[in-house]
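In our numbering, the protein residues as written are 3 to 176.
Just so it is clear, CB atoms sit at the ideal spot from N, CA and C, and this is done for glycine as well.
Small disclaimer: the values here were computed from a predicted structure and weren't measured.
Heads up, the thing below is written out as structure tokens.
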């Protein structure tokens, strides 16, 4: 429906998180209107999140075989089980990436790449299922806010991610 120009909550009721209809919209826009497009979008998401989670596992636990296996496990137990674009698998993968990004930034408070990863993961998590994002985002935000080294940067990154989220919604007519 988004691909056809309809607006969620205005032209049709929308009971799924933002990422679900946006993923389908961009799948149709980039790969054409077909079921195969949804599969290709799922594969693209899986490849990108595999690379991101592998990067995060390597930063947290070193560049070794267990880090590679954990990154693959995240995909196997979420994306590969469903094998199509659905909001539960993409939320599970996003939650792991958000958690790993928050832990990495908590460990390395001055690392700019860790801050960027956290901000991007926060934005991604904001587009996911409310019952997961609604627990994880406040929980990790509180942990980071309680750390004197992270407090004001956490507020700044959260405000920036929220602004990016609103821009994403506006640009996609939500």
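Cβ atoms of residue j and residue i: under 8 Å apart, would you say?
{"i": "residue 126", "j": "residue 99", "result": "yes"}
{"i": "residue 130", "j": "residue 92", "result": "yes"}
{"i": "residue 87", "j": "residue 7", "result": "no"}
{"i": "residue 85", "j": "residue 44", "result": "yes"}
{"i": "residue 102", "j": "residue 143", "result": "no"}
{"i": "residue 48", "j": "residue 81", "result": "yes"}
{"i": "residue 119", "j": "residue 58", "result": "yes"}
Alpha carbon to alpha carbon, how far is residue i from residue j?
{"i": "residue 37", "j": "residue 29", "result": "9 Å"}
{"i": "residue 117", "j": "residue 65", "result": "20 Å"}
{"i": "residue 77", "j": "residue 11", "result": "32 Å"}
{"i": "residue 148", "j": "residue 135", "result": "19 Å"}
{"i": "residue 3", "j": "residue 33", "result": "16 Å"}
{"i": "residue 169", "j": "residue 176", "result": "10 Å"}
{"i": "residue 60", "j": "residue 145", "result": "23 Å"}
{"i": "residue 162", "j": "residue 42", "result": "30 Å"}
{"i": "residue 15", "j": "residue 172", "result": "18 Å"}
{"i": "residue 107", "j": "residue 46", "result": "26 Å"}
First and last residue of the alpha helix (DSSP H) that includes residue i?
{"i": "residue 153", "result": "153 to 173"}
{"i": "residue 74", "result": "67 to 77"}
{"i": "residue 92", "result": "89 to 109"}
{"i": "residue 2", "result": "What the structure shows of the chain is the stretch from 3 to 176, and residue 2 is not part of that stretch, so it cannot be assessed."}
Tell me, which residues are paired with residue i by DSSP?
{"i": "residue 10", "result": "14"}
Hey, out of the options, whose CA is closest to residue i's CA?
{"i": "residue 19", "options": "132, 151, 170 and 110", "result": "132"}
{"i": "residue 22", "options": "120, 63 and 40", "result": "40"}
{"i": "residue 97", "options": "3, 84 and 124", "result": "124"}
{"i": "residue 109", "options": "155, 82 and 62", "result": "62"}
{"i": "residue 164", "options": "153, 141 and 128", "result": "128"}
{"i": "residue 79", "options": "57, 67 and 52", "result": "52"}
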